Amino acid sequence: MQLNFNDESFRDDYSYKNSPGAIKRFPFPFAEDHYMYSVNIEPHTKGAQGSVYEFTFDVDEHYVSECLDKIITLEQDPGRYSALPHMMDAQWDFLELAMTSMANDYPEYFTLTKNGNVWTWENRPLDIMDTFTFGDASTLPSEPFEYMGRQMQGDFVLLDQRDGTLYSDAGIVTSQADWSLAFNTGMSWQEWHGPVPKVTELGVLDRALKYLLNLQVGNPVRRLNWTMTVNPRLDTSPENYPLWAIDRNKVNNETVGDLVNLRVELQSLFRLPRSNAIVFGVRCYLMSLKDITTYPRWAKRLHRVQKDLHPDLIEYKGMTSYHRYVIDWLAQFDDGEVLAYGSHPE
Amino acid sequence: MSTINVKVAAIEAVTPLIKHFTLVHEDGSELPSFSGGSHIVVTMDAEGRTYRNPYSLMGSPTDTQAYHISVRRQESSRGGSLFMHEHVHVGMRLKITHPVNLFSLSKLAHKHILIAGGIGITPFMSQIEDLKRVGADYELHYAFRAYEQAAFVNELEEMCEGHLHCYADSQGERIDLNALLSQQPLGSHVYVCGPSPMVVAVLETARNLGWPENNIHNEEFSSPPVGEPFKVQLAKSDIEIQVPAEMSMLEAIEAAGVKADSLCRGGVCGRCELTVLETDGGIEHHDHYLSDSEKVSCRSIMPCVSRTKGKRLVLDL
């Protein structure tokens with residue numbers, strides 16, 4: 044499959060757009076009319092052809108523009124990449140996982156050639172070719188985690204497992220839903236989930252942690268998370284809050300369908316072999332409400348989920364100021380039809 | 007759970023009781039790399055029953071050409087180690103799981119104190135490779151009955167240089183745990199693998215000396231304890247199965263064709279946890295996963311190691 048990569052922006056003029064094919068494969072996260080946090084973790088097994096689950100790391104029409112946006116964000120704030128010294132084994136594990144899966148899944152774009160410890164990596168869409176010695180960071184232009192993280196869509200955090208919990212001890216984070224890597228680096232599982240409402244009472248955190256502590260090499264898992272973002276902006280970081288949060292005030296009855304995007308995170312977790320660390324991948328998919336209404340089933344479902352959403356979640360996801368416009372606008376698409384279980388578009 | 011098909015490439019009798027097996031990928035491809043302290047679960051198809059035993063990987067974590075495990079012949083065991091000793095031959099095919107590490111080194115430790123008893127030396131052999139690679143400070147204390155019965159002493163002397171301390175019971179040598187653990191710098195971590203009394207002694211000594219709980223690590227490779235045969239009812243599957251004395255409940259459930267999730271098969275990971283719907287209270291919890299209060303409540307059971315002495319056990323499976 045040869046993709047045409049979009050030439051588009053995730054800031055300033057926001058020229059980001061989704062093709063009909065991208066809309067159809069959007070990982071719509073709602074299978075039911077009601078939403079609450081749960082331990083919605085499942086094996087990250089190969090999904091249907093063309094779906095976002097087909098390959099280990101999904102590469103889509105936004106690949107090149109997203110990687111270029113990541114370069115801008117990292118240039119403006121190098122603190123979006125951070126790695127504690129004991130995570131170097133995990134860095135190489137990450138590089139190996141990424142290069143082998145991408146070369147295997149997308150041979151038309153990526154090629155990895157191994158000659159003992161001397162590896163050559165070719166990334167044709169980004170016009171990169173480097174030969175380096177696996178295990179020797181001085182042979183790469185940057186640390187291995189940053190080197191490969193820059194060539195992938197989405198954010199990645201490396202979790203060290205010790206003391207019966209997981210610590211976020213490295214990360215490359217440029218498309219986050221309002222959380223700060225600089226603030227969270229070195230934090231434990233319980234600490235970085237501290238602000239999330241409801242999950243402690245529900246017991247979700249403890250059970251998910253138990254599950255992840257036993258994550259096995261070769262058996263990755265995934266889950267979907269979601270929020271909403273005004274304008275298709277990847278970098279909705281606390282560091283740049285003044286640049287994007289103000290856009291919430293632009294949402295009204297006329298603009299809501301174009302401005303408000305459903306932001307879905309495909310989160311994947313892999314046990315890394317040499318370091319026994321875990322890589323936590325957060326891949327962001329953005330879709331305007333207008334594009335979602337391409338499929339009436341999605342529009343109806345989204346309306347019901349939003350109408351019924353717990354106020355604590357609306358507040359935590361930063362949607363309080365414009366959420367009523369979302370519900371009112373989506374209402375016109377909801378005829379009350381009973382929808383069967385499932386998140387499929389039609 | 008995804009498994010790897012391997013072939014036995016070599017078998018070496020290390021001592022009269024210990025055999026060292028070299029396993030390679032069936033199709034000659036590379037095996038996954040792993041971290042020091044990892045183990046695999048070997049599936050053995052014996053006639054009429056299946057054994058699944060966990061064994062520590064003792065080769066270098068960077069060697070992806072072959073895995074190395076050592077098996078001590080246990081006359082009183084459920085049969086897995088006897089099968090490995092008597093029926094597994096060079097060229098034979100086995101199934102193994104991907105490596106799992108429930109005994110990992112703490113990357114932030116200032117110093118690592120490794121304490122091994124007998125065949126419990128095996129996980130440390132891969133850990134030492136990792137410690138040497140990152141240049142970490144460590145001591146290995148290796149206790150055994152007698153030099154003639156001790157495995158890998160020569161290899162360890164070469165690997166560890168000055169870091170190895172051996173103790174032969176036959177010569178009256180014992181590890182003075184109190185002295186050893188009271189002299190370590192702050193930020194040290196202690197790891198123990200060996201027979202149960204030794205593990206208990208290390209854990210108790212470290213705790214009594216005020217070592218933080220997170221700095222004390224142990225791996226026990228006790229096979230599921232044998233016990234009395236009993237019956238269990240699986241409510242969702244609507245069947246009653248007989249668990250023989252030498253079989254774990256998990257193995258009996260699998261043998262009955264009922265799909266049950268599992269991972270470590272040693273009562274530590276929690277993956278195979280099942281909900282108890284009815285019991286007359288006779289559950290023998292052998293796991294290290296459920297809390298004391300959870301064990302008393304008898305609402306959950308880990309079928310990989312736990313059993314019942316009661317008359318009635320109904321599980322939500």
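Taken in order, these protein sequences are the chains called A and B. As numbered in our numbering, residues 44 to 389 make up the first sequence, in order. As numbered in our numbering, residues 7 to 323 make up the second sequence, in order. Here a beta-carbon is modelled for each residue, glycine too, at the ideal position from N, C-alpha and C. As the structure is a computational prediction, the values presented were derived from the model and not from experiment.
Item, Value
"Contact test: Tyr368/A Cβ vs the ligand SAH heavy atom, cutoff 7 Å", "In the structure shown, the ligand SAH is absent, as is every other ligand, since no ligand is present at all."
"Residue range of the unbroken beta strand (DSSP E) whose run includes Val161/A", "Val161 to Asn166"
"For Ser211/A and Lys113/B, the rounded distance between their alpha carbons", "14 Å"
"Whole-Å CB distance - Arg306/A paired with Trp269/A, under 8 Å assumed", "6 Å"
"At least three beta-carbon pairs within less than 8 Å, the stretch 241-256 of chain B to the stretch 41-54 of chain B", "no"
"Distance between Phe226/A and Gln233/A (C-alpha atoms, nearest Å)", "14 Å"
"Chain B residues whose Cβ lies nearer than 7 Å to that of Asp203/A", "Lys113"
"For Trp372/A, the nearest candidate out of Gln134/A, His346/A, Tyr78/A and Phe53/A (CA to CA)", "His346/A"
"Beta-carbon proximity list for Ser228/B, same chain, < 6 Å, skipping 5 on both sides", "Note that Ser228/B scores a pLDDT of 41, beneath 50, so its modelled location is shaky; the value from the coordinates is reported in the next line. No residues qualify anywhere along the chain."
"Per-residue contacts from His104/B into chain A (C-beta, under 8 Å)", "Gln259, Val260, Gly261 and Asn262"
"Cβ contact (3+ pairs, closer than 8 Å) linking the stretch 258-267 of chain A and the stretch 309-328 of chain A", "yes"
"Where Tyr153/B falls, given that 16 or more other Cβ within 10 Å makes a residue buried", "exposed"
"CA-to-CA distance, Arg139/B to Gly316/B, given in whole angstroms", "51 Å"
"Closest by C-alpha distance to Ser44/B, when choosing among Met204/B, Cys166/B, Gly86/B and Glu225/B", "Glu225/B"
"Distance, Phe53/A Cα to Pro334/A Cα", "Here residue 334/A turns out to be Asp, not Pro, going by the sequence shown. Taking the straight line joining both Cα atoms gives about 17 Å."
"Near-chain B residues of the stretch 307-321 of chain A - C-beta to any C-beta below 8 Å", "Pro316, Arg317, Ser318 and Asn319"
"Local Cβ density within 10 Å of Val12/B, reported as buried at 16 or more and exposed below that", "buried"
"Test: Lys253/A CB closer than 8 Å to a CB of chain B", "yes"
"Chain-ordered residues of the stretch 52-70 of chain B with a beta carbon less than 8 Å from chain A", "Pro67 and Thr68"
"C-beta neighbour in chain B for Asp206/A, strict 8 Å", "yes"
"6 Å Cβ shell around Gln155/B - same chain, five flanking residues per side excluded", "Thr21"
"Bridge partner(s) assigned by DSSP for Arg306/A", "Thr270/A and Leu329/A"
"Run of the alpha helix (DSSP H) containing Gly64/A, from where it starts to where it stops", "Pro63 to Lys67"
"Separation of Phe150/B from Asp175/B, as counted between CA atoms", "6 Å"
"Distance between Ile121/B and Pro201/B (C-alpha atoms, nearest Å)", "11 Å"
"Minimum length 3: unbroken beta strand (DSSP E) runs contained in the stretch 217-285 of chain B", "222-224, 236-240, 245-249 and 280-285"
"Positions along the stretch 12-41 of chain B whose CB lies within less than 8 Å of some CB in chain A", "Pro38, Ser39, Phe40 and Ser41"
"Cβ neighbours of Met204/B in the same chain (closer than 8 Å, five flanking residues each side left out)", "Ile121, Gly123, Gly126, Ala149 and Val198"
"Which listed residue (Asp206/A, Ser318/A, Thr143/A and Ile114/A) has its alpha carbon closest to that of Thr3/B", "Because chain B spans 7 through 323 in this model, residue 3/B falls outside it and cannot be assessed."
"C-beta atoms of Ala266/B and Leu319/B nearer than 8 Å", "no"
"Contact the stretch 93-112 of chain A vs the stretch 149-169 of chain A: 3+ CB pairs below 8 Å", "yes"
"Chain-ordered residues of the stretch 198-230 of chain B with a beta carbon less than 7 Å from chain A", "Asn220"
"Three-state class that DSSP yields for Arg79/B in the structure shown", "coil"
"DSSP three-state assignment for Glu297/A, whether helix, strand or coil", "coil"
"Coarse secondary structure for Trp135/A, derived from DSSP in three states", "helix"
"Proximity below 8 Å, CB of Ser87/B to CB of Val96/B", "no"
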